[in-house]
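Trainee: Residue numbers (the working numbering), protein chains in the order written: chain D, 1 to 123; chain R, 124 to 856. Even for Gly, the Cβ is constructed at its ideal location relative to N, Cα and C. All figures in this text were calculated on a predicted structure; none of them were measured in a lab.
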Amino acid sequence: MKKVLVVEDNEKNLYLISFILEKMGHRVIAARTGEEGVELAFQEKPDLVLMDIQLPGINGLETTQRIRAAETGANVPIIALTSYALVGDREQVLRAGCTGYIEKPINPETIMGEINKYLSGKA
Amino acid sequence: MKKGSIVILMIVFTALCALLFVLFYENAEKTAVRQLLDTQQLHAKQASQGIEEYFSTWTGILGSLAKIDSVIDVDENGKRHMKLFFETHRAQMRSMTRVDERGRIAYTVPYSSSIGSDISDQPHIRTILREHRPVVSDVFRTVQDFDGIALHVPVFQGAAFRGTIAIVMDFDSLAKRYLEVVKIGKTGYAWMVSRDGIILFTQVPEFVGKSIFEVSKDFPSMSAMARELVQGRTGTGVYTFNRIYEQVVKPVRKYAVYMPIRIADSYWTIVVASAEDEVLASLASFRNRLIPVIAVLFLGGILFSLLGAKAWFIVAEERNRKKAEEALRYSEQKFMKAFHATPDAIVISRAADGLLIEVNDVFLRIAGYDRAEIVGKTTTGLGVWANPADRERYVAGIREQGRVRDMEAQFCSKTGTVLDGLISGESILLDHEPCLLTIIRNITERKKTERELEQHRLHLEEMVNERTEELRRSQADLRRSLDETTAAKRCLEEANARLQELDRLKSLFIASMSHELRTPLNSIIGFTGILLQGLAGELNAEQRKQLGMVKSSSEHLLSLITDIIDLSKIEAGKVDLSLESFDLSAMVREVLSSFQIMAERKALSLSAEVPAGLMLVSDKRRTRQVLVNLVGNAVKFTEQGGVSVAAEHRDGVIHCTVRDTGMGIKPEDQGRLFKSFSQVTTTEAPKHEGTGLGLYLSRKLITLLGGEIGVESSFGRGSVFFFTIPANREEAA
Chain D
1 MKKVLVVEDN EKNLYLISFI LEKMGHRVIA ARTGEEGVEL AFQEKPDLVL
51 MDIQLPGING LETTQRIRAA ETGANVPIIA LTSYALVGDR EQVLRAGCTG
101 YIEKPINPET IMGEINKYLS GKA
Chain R
124 MKKGSIVILM IVFTALCALL FVLFYENAEK TAVRQLLDTQ QLHAKQASQG
174 IEEYFSTWTG ILGSLAKIDS VIDVDENGKR HMKLFFETHR AQMRSMTRVD
224 ERGRIAYTVP YSSSIGSDIS DQPHIRTILR EHRPVVSDVF RTVQDFDGIA
274 LHVPVFQGAA FRGTIAIVMD FDSLAKRYLE VVKIGKTGYA WMVSRDGIIL
324 FTQVPEFVGK SIFEVSKDFP SMSAMARELV QGRTGTGVYT FNRIYEQVVK
374 PVRKYAVYMP IRIADSYWTI VVASAEDEVL ASLASFRNRL IPVIAVLFLG
424 GILFSLLGAK AWFIVAEERN RKKAEEALRY SEQKFMKAFH ATPDAIVISR
474 AADGLLIEVN DVFLRIAGYD RAEIVGKTTT GLGVWANPAD RERYVAGIRE
524 QGRVRDMEAQ FCSKTGTVLD GLISGESILL DHEPCLLTII RNITERKKTE
574 RELEQHRLHL EEMVNERTEE LRRSQADLRR SLDETTAAKR CLEEANARLQ
624 ELDRLKSLFI ASMSHELRTP LNSIIGFTGI LLQGLAGELN AEQRKQLGMV
674 KSSSEHLLSL ITDIIDLSKI EAGKVDLSLE SFDLSAMVRE VLSSFQIMAE
724 RKALSLSAEV PAGLMLVSDK RRTRQVLVNL VGNAVKFTEQ GGVSVAAEHR
774 DGVIHCTVRD TGMGIKPEDQ GRLFKSFSQV TTTEAPKHEG TGLGLYLSRK
824 LITLLGGEIG VESSFGRGSV FFFTIPANRE EAA
């Protein structure tokens, strides 16, 4: 069982991702703002962070940079959840310090494999 | 060129002649020395051979005597034999002796008193007793007071040594015979040393019997040679030694040759030497002949060079003179030409009284005089100056500054016409007399024009004043209407700003709306997926079918929203291309396979004709979007037959076609096809699900990628959609 921090402001999406992660047998820590995400990342030291980009207050990119700035957050895999239509998002999220990204809408058939891939450190 | 060159020439000649002299003289000296050494060598060789022969002859004779039995036994017969032999050869020997094998004198003639004495302690006797070979003694002074030298030959009876048979020779007679005869020039003579370095013979009697090393100890060059010659070597040498001549002692350089004389078991060395004077003396006459020859050569060379240089100077001077004359003539011609050709009047006059010396034709023409009329006249005398004060001003200007430039003055012609002139001048020297060179430009016409112009100007000013007043009135009118225009313009600007603001708000609205629209859709699609996957529990078939419809509708809605966002971005010009290299053939295969299920449902064939590995650099996602749109449309609107995609690379451009066997498009509809929200509808065809934005967006995308898009179709027979894009967007951009 792994500890996964999900930073997502939309309750329904948060529930959707949490549902899938719990089905996979992982423990979910939920953060609804970037600030909360940074705090929980340092406090809980999760094995993986799933990061929505469009957040109220500080956005996902800045949240990622803040987590990366500290020693405890320097190595945790951070996966961005990005919208398919936004060109250039990919480069942007990688530059901000994300390990990878998963495009929305979430496809339950493929997302499990991708999460496992990042958790095992193979990506 | 002159004095310096001659001095250099003389130095060069002197050096050349001196060099010539030295070379000739040195060569002659070398030859003379070589000749001297050759002569000395010849003498030394003769003496050496003579002495060697002398000793070898006597060794042979004594050897013969030593074989006579009576001589071996020294019996009476033998003694008589030896006595007889001595008597016969008395002139060449001083005594004859028979020594027994123990070194005692067994018999001797003529000094018979010595018989029985033991001489075995003498060095040469010791040698022959030990080695049984012929030996020669050192030169020694005998009791009979002469310098003798003994030659002993061994006597054998069978193989047994029985002592020696010997003769004693007078060394002086030997020396006289072979050495004293050696005379070269006035100073050349021979001397001889033994192998121990004892001087056996020389011209200075007190040196005889002394060691050569002792004698030459103050003369290193001679010592060096002595070391060579006591080793029995042959060679030549130069050494310095004192010569005593009429009580004057003077060191002299000598040229010498030396070679060994081999006698019996030892050798002596003969040296033949001559003083350097000998050589120099022989050279003196040569030198005396050479000097005049060189002197004549020297003087001749100098004389020749001087004459040559003088001739050259004369020619050069003549040439320079001609050149100067030519230059003077040329400059005179130039001056005269200018003097007469210039459009200005030129006057040369004496500074003191203004007497005219020379005027040019222009002056005569303007002033109206003949040349004859002005001879001996002055400018004031002719009345050329209209105002005499002008002349004073001019002359004063020249006196003070040396020249005058462009001074205005008036002149009178012969007929009394007043002319305006612009006068320039300066003082020059002509035949050592100060003169004035005056140039007068006729500006009468110009002055007249100026005066007329001034009249015009005054008139113009009046007219301008009138006009200005009129303008002032109409300007007031204009200002009023301008104010009205400005107000209208401001209204327009405000409207424009409002429009721009509206446009910005529209883009902002679309961007934020799209996010807001997508977020719930994303969760609808996500949850539908979870349910369909059975993650939340098992579903029955009807539920699964209906949920599938929810999912497909949601995805359609999402693509619709995505298209709208894309369009609004393109229209707002906010699109960034993301260029990368990719394989078009792979992309076509992948797109076709995504429509495989839909095609199979309608029994349509899907085919591709794209060369494997057709690479291009462009925006991959947007290229794919266009392909998906075109193939999707083709599959959607075709009921039987199939869809085929072809692509190829021609001259840096990718040409791609999507061909279908659908219902086709009427010509009148083809124009509308790429406009927004247009879906061609017919009564026959079913209404198709679609945004109506696909082709419009595709056209926008292809334009963005730098290509073109179009269609060829005939109604009822299918359509061919084609597009082009640059194979490398980076280079094309």
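Who pairs with Phe534 of chain R in a beta bridge, going by DSSP?
Mentor: Walking along the second sequence from the start, residue 534 of chain R turns up at place 411. Partner(s): R:Trp508 and R:Leu542.
Trainee: For the pair the stretch 152-168 of chain R and the stretch 401-412 of chain R, tell me if three or more CB-CB distances fall below 8 Å.
Mentor: These segments touch.
Trainee: How close, in whole Å, do the beta carbons of Gly539 of chain R and Thr503 of chain R come, if the pair is a contact with beta carbons under 8 Å?
Mentor: Working through the second sequence from its first residue, we reach residue 539 of chain R at position 416. Working through the second sequence from its first residue, we reach residue 503 of chain R at position 380. Actually they are not in contact, since the Cβ atoms of Gly539 of chain R and Thr503 of chain R sit about 16 Å apart, beyond 8 Å.
Trainee: Since I believe His247 of chain R is in contact with His275 of chain R (beta carbons under 8 Å), could you give me their beta-carbon distance rounded to a whole number of angstroms?
Mentor: Indexing the second sequence from 1 puts residue 275 of chain R at position 152. Indexing the second sequence from 1 puts residue 247 of chain R at position 124. Contact flag correct, Cβ pair sits at about 7 Å.
Trainee: By a C-beta neighbour count over all protein chains shown, 10 Å radius and 16 as the cutoff for buried, is Val507 of chain R buried or exposed?
Mentor: As a first step, residue 507 of chain R must be located in the second sequence, where it is residue number 384. With 16 or more Cβ atoms within 10 Å of its Cβ, Val507 of chain R is classed as buried.
Trainee: With Asn13 of chain D as the anchor, note down where its alpha helix (DSSP H) starts and where it stops.
Mentor: Indexing the first sequence from 1 puts residue 13 of chain D at position 13. Residues Glu11 to Lys23.
Trainee: With 8 Å as the threshold, decide whether the Cβ of Ser821 of chain R is near any Cβ in chain D.
Mentor: Sequence index remark: in the second sequence, residue 821 of chain R carries index 698 (1-based). By this cut-off, Ser821 of chain R is not an interface position.
Trainee: Does the beta carbon of Thr826 of chain R come closer than 8 Å to any beta carbon on chain D?
Mentor: Taking the first residue of the second sequence as 1, we reach residue 826 of chain R at position 703. So, not an interface residue.
Trainee: Is Ser83 of chain D close to chain R, meaning its C-beta is less than 8 Å from at least one C-beta of that chain?
Mentor: Taking the first sequence and counting its residues from 1, the one referred to as residue 83 of chain D is at position 83. By this cut-off, Ser83 of chain D is an interface position.
Trainee: Just mark Cys558 of chain R as buried or exposed, buried being the case when its beta carbon has 16 or more other beta carbons within 10 Å.
Mentor: Translated into the one-based positions of the second sequence, residue 558 of chain R becomes position 435. The residue in question, Cys558 of chain R, is buried, as its Cβ has 16 or more Cβ neighbours within 10 Å.
Trainee: Since Ile79 of chain D is in the beta strand (DSSP E), which residue starts that stretch and which ends it?
Mentor: Counting from one through the first sequence, the residue named residue 79 of chain D turns up at place 79. Note, Ile79 of chain D: beta strand (DSSP E), Ile78 to Ser83.
Trainee: Pick from R:Met786, R:Ala189 and R:Phe178: whose alpha carbon is nearest that of Val259 of chain R?
Mentor: As a position in the second sequence, residue 259 of chain R is number 136, starting the count at 1. For the residues R:Met786, R:Ala189 and R:Phe178, the minimum Cα distance to Val259 of chain R belongs to R:Phe178.
Trainee: Compute the beta-carbon to beta-carbon distance between Val527 of chain R and Gly548 of chain R, rounded to the nearest angstrom, for a pair I have assumed lies under 8 Å.
Mentor: Walking along the second sequence from the start, residue 527 of chain R turns up at place 404. Walking along the second sequence from the start, residue 548 of chain R turns up at place 425. Rounded, the Cβ-Cβ distance is 5 Å, consistent with contact.
Trainee: Nearest by alpha-carbon distance to Ala110 of chain D: which of R:Tyr230, R:Gln656 and R:Leu581 is it?
Mentor: Position 110 of the first sequence, counted from the first residue, corresponds to residue 110 of chain D. This sequence places Thr at residue 110 of chain D; Ala is not what is there. Taking only the C-alpha atoms, the option nearest Thr110 of chain D is R:Gln656.
Trainee: What three-state label does DSSP hand Arg603 of chain R in the structure shown?
Mentor: Locating residue 603 of chain R in the second sequence gives position 480, where the first residue counts as 1. Arg603 of chain R: helix per DSSP, three-state reduction.
Trainee: Just to confirm, is the Cβ distance from Phe838 of chain R to Lys789 of chain R under 8 Å?
Mentor: Translated into positions along the second sequence, residue 838 of chain R becomes position 715. Translated into positions along the second sequence, residue 789 of chain R becomes position 666. Cβ atoms of Phe838 of chain R and Lys789 of chain R: closer than 8 Å.
Trainee: Go through the stretch 767-802 of chain R residue by residue and report every complete run of the alpha helix (DSSP H) that reaches 4 residues or more, in order.
Mentor: As far as the stretch 767-802 of chain R is concerned, its whole alpha helix (DSSP H) runs of at least 4 residues are 790-793.
Trainee: Restricting to Cα atoms, I'd like to know which of R:Ala282, R:Val361 and R:Arg782 is closest to Glu732 of chain R.
Mentor: To locate residue 732 of chain R, count along the second sequence from 1; it is residue 609. Glu732 of chain R has its Cα closest to that of R:Arg782, out of R:Ala282, R:Val361 and R:Arg782.
Trainee: From what residue to what residue does the alpha helix (DSSP H) around Ile53 of chain D run?
Mentor: Sequence index remark: in the first sequence, residue 53 of chain D carries index 53 (1-based). Element bounds for Ile53 of chain D: n/a, residue is neither H nor E.
Trainee: Are any of the Cβ atoms in chain D nearer than 8 Å to that of Gly681 of chain R?
Mentor: Residue numbering aside, residue 681 of chain R sits at position 558 when the second sequence is read from its first letter. In the sequence as presented, Gly is not what sits at residue 681 of chain R; that position holds Leu. Yes - at least one Cβ of chain D is within 8 Å of the one on Leu681 of chain R.
Trainee: Within the chosen definition, does the stretch 530-538 of chain R reach the stretch 445-461 of chain R through at least 3 CB pairs nearer than 8 Å?
Mentor: Segments in contact, no.
Trainee: Under a CB-based cut-off of 8 Å, is Ile115 of chain D close to chain R?
Mentor: Position 115 of the first sequence, counting from 1, holds the residue named residue 115 of chain D. Not one chain R Cβ lies under 8 Å of Ile115 of chain D.
Trainee: What do you get for Phe486 of chain R, buried or exposed, if any count of 16 or more other CB atoms within 10 angstroms of its CB means buried?
Mentor: As a first step, residue 486 of chain R must be located in the second sequence, where it is residue number 363. Buried is the call here.
Trainee: Would you call the stretch 1-14 of chain D and the stretch 42-54 of chain D touching, i.e. three or more CB-CB distances under 8 Å?
Mentor: As far as the Cβ criterion goes, the stretch 1-14 of chain D touches the stretch 42-54 of chain D, which means the pair count is three or higher.
Trainee: Counting along the chain, where does the alpha helix (DSSP H) carrying Phe486 of chain R start and finish?
Mentor: As a first step, residue 486 of chain R must be located in the second sequence, where it is residue number 363. Phe486 of chain R -> alpha helix (DSSP H) spans Asp484 to Ala490.
Trainee: So with Cβ pairs under 8 Å, would you call Val642 of chain R a contact of chain D?
Mentor: Against the second sequence, residue 642 of chain R aligns to sequence position 519. Strictly speaking, residue 642 of chain R in this sequence is Thr, with Val absent from that position. Thr642 of chain R counts as touching chain D.
Trainee: Flag Pro108 of chain D as yes if its beta-carbon sits less than 8 Å from any beta-carbon of chain R, otherwise no.
Mentor: Locating residue 108 of chain D in the first sequence gives position 108, where the first residue counts as 1. Yes, Pro108 of chain D lies at the interface with chain R (some Cβ there is under 8 Å from its Cβ).
Trainee: Indicate the three-state DSSP secondary structure (helix, strand or coil) for Ala70 of chain D in the structure shown.
Mentor: As a first step, residue 70 of chain D is located in the first sequence; it is residue number 70 there, counting from the start. Three-state result, Ala70 of chain D: coil.
Trainee: Straight-line CA distance for Val868 of chain R to Lys190 of chain R?
Mentor: Residue 868 of chain R is absent from the model: chain R starts at 124 and stops at 856.
Trainee: Kindly identify the DSSP beta-bridge partner or partners of Gln65 of chain D.
Mentor: On the first sequence, position 65 is the one that residue 65 of chain D refers to. Per DSSP, none; premise fails for Gln65 of chain D.
Trainee: In angstroms with no decimal places, state the Cα-to-Cα distance between Glu90 of chain R and Ala418 of chain R.
Mentor: Look at the range of chain R in this structure, 124 to 856, and you will see that residue 90 of chain R is not part of it.
Trainee: Within 8 Å of any Cβ in chain D, is that where the Cβ of Ser646 of chain R sits?
Mentor: If you number the second sequence from 1, residue 646 of chain R lands on position 523. Closer than 8 Å: yes.
Trainee: Cα-Cα, which of R:Thr357, R:Ile832 and R:Ile131 is closest to Ala432 of chain R?
Mentor: As a first step, residue 432 of chain R must be located in the second sequence, where it is residue number 309. For Ala432 of chain R, the nearest C-alpha among the options comes from R:Ile131.
Trainee: Is it the case that the Cβ atoms of Leu715 of chain R and Val768 of chain R are separated by a distance below 8 Å?
Mentor: Against the second sequence, residue 715 of chain R aligns to sequence position 592. Against the second sequence, residue 768 of chain R aligns to sequence position 645. In contact: Leu715 of chain R and Val768 of chain R (Cβ atoms closer than 8 Å).
Trainee: Rounded to whole angstroms, what's the CA-CA distance from Pro343 of chain R to Arg356 of chain R? Just pull it up for me.
Mentor: Counting from one through the second sequence, the residue named residue 343 of chain R turns up at place 220. Counting from one through the second sequence, the residue named residue 356 of chain R turns up at place 233. The straight-line gap from Cα to Cα measures roughly 19 Å.
Trainee: With which residues is His275 of chain R paired in a DSSP beta bridge?
Mentor: Walking along the second sequence from the start, residue 275 of chain R turns up at place 152. DSSP lists R:Val258 and R:Ala289 as partners of His275 of chain R.
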